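Here is the structure we will look at.
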Amino acid sequence: MSVAPSPEEIYERAEKEGERRLSMSLLETVSTAFIAGVTIVFGIVGLGVAAALVEPALGRELGSLAGALAFGIGIVFLVVGRTELFSENLFDPVAAAVRRPGRKVWGRLVWLWVLVLVLNLVGGAVLLAVMLVEGALPAGSGAVLDRVAEEVAAKSPLATLARAVLAGALVALLSYLLNAVDSVAARVLVAYMVGVFLALGPFDHVVVSALHLLFGIWSSGVVGYGDLWANLGLSTLGNVVGGLLLITFTHTAQVKGA
1002 MSVAPSPEEI
1012 YERAEKEGER
1022 RLSMSLLETV
1032 STAFIAGVTI
1042 VFGIVGLGVA
1052 AALVEPALGR
1062 ELGSLAGALA
1072 FGIGIVFLVV
1082 GRTELFSENL
1092 FDPVAAAVRR
1102 PGRKVWGRLV
1112 WLWVLVLVLN
1122 LVGGAVLLAV
1132 MLVEGALPAG
1142 SGAVLDRVAE
1152 EVAAKSPLAT
1162 LARAVLAGAL
1172 VALLSYLLNA
1182 VDSVAARVLV
1192 AYMVGVFLAL
1202 GPFDHVVVSA
1212 LHLLFGIWSS
1222 GVVGYGDLWA
1232 NLGLSTLGNV
1242 VGGLLLITFT
1252 HTAQVKGA
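In this text, residue positions in the sequence shown follow my numbering: the first is 1002, and each later residue adds one.
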């Protein structure tokens, strides 16, 4: 029976993974972030399809549960495929940056965040365009995703910010937990649980919420670009605050203060 790693061992693994991410070439970073944007759309598709199949027979509440259960698969794809979703980079690379002296590494870190966020959105938008080809999605799933877009846009700014803080903390926690397990099966289970919980909230991860809104804009116009930009700003801020302050810096203090 294996022994669970200590917080110090988990943090050391995070530092090594963070060093790898910070040292990636531009091409590797661009392609990895682009693929992550494409990949997460499969979770969004799964949410829409599952909810559309379940709702007519069992109602909206169980349809939403089925959608969240299906969305979790998208996070598994991300983790197993070793792609980079924005706010995953709020733990491991920060752990590596804390160990390095000087400002240069922090500039590299901010550049990584910006590049990953932009390429996540570009990759996701490309697959959304394919999804919107007539007949590409099963009947009813488009209507479900339009409704999700409306629900994302309808929240107050404060509620959006709060949900974004929770999403940032949740995804940064995923990064921490992945360093605490050793087997592929454990990584899959942790990723799936976090993905389901992210969709159950639903909590505002900037990339996921932005792609939901973009679908609503392109599909039927139920929301507008103003909703998209407002959510992008609030969700980015909330994700960074939640990921850094609630998870990353507290675990850093736990280890460095030991």
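Idealized CB from N, CA, C, for every residue including glycine. Treat the numbers as computed from the prediction; the structure is a model and nothing was measured.
The C-alpha of residue 1222 lies about 26 Å from the C-alpha of residue 1239. In the three-state scheme derived from DSSP, where H, G and I count as helix and E and B as strand, residue 1258 is classed as coil. Within the same chain, and ignoring the five residues on either side of residue 1176 in sequence, the residues whose Cβ sits closer than 6 Å to its Cβ are 1089, 1092, 1093. For residue 1005, there is no enclosing alpha helix (DSSP H), since its DSSP letter is neither H nor E. With the rule of 3 Cβ pairs closer than 8 Å, the region 1057-1072 does not count as touching the region 1014-1034. Annotation: the continuous alpha helix (DSSP H) that includes residue 1210 extends over 1207-1220.
Listed in chain order, the non-local C-beta contacts of residue 1109 below 7 Å within the same chain comprise 1023, local neighbours out to five positions each way being set aside. Rounded to whole angstroms, the separation of the alpha carbons of residue 1038 and residue 1086 is 7 Å. Distance from the CA of residue 1015 to the CA of residue 1006, rounded to the nearest whole angstrom, comes to 12 Å.
Contact annotation: residue 1217 and residue 1150 have beta-carbon atoms nearer than 8 Å.
Closest in alpha carbon position to residue 1253, among 1043, 1097, 1063, is 1097.
A contact between stretches requires three or more CB pairs, one per stretch, nearer than 8 Å, and the region 1163-1181 fails this requirement with the region 1134-1143. Annotation: residue 1115 to residue 1157 spans about 26 Å, alpha carbon to alpha carbon. Between the C-alpha atoms of residue 1103 and residue 1220 there is a straight-line separation of about 47 Å.
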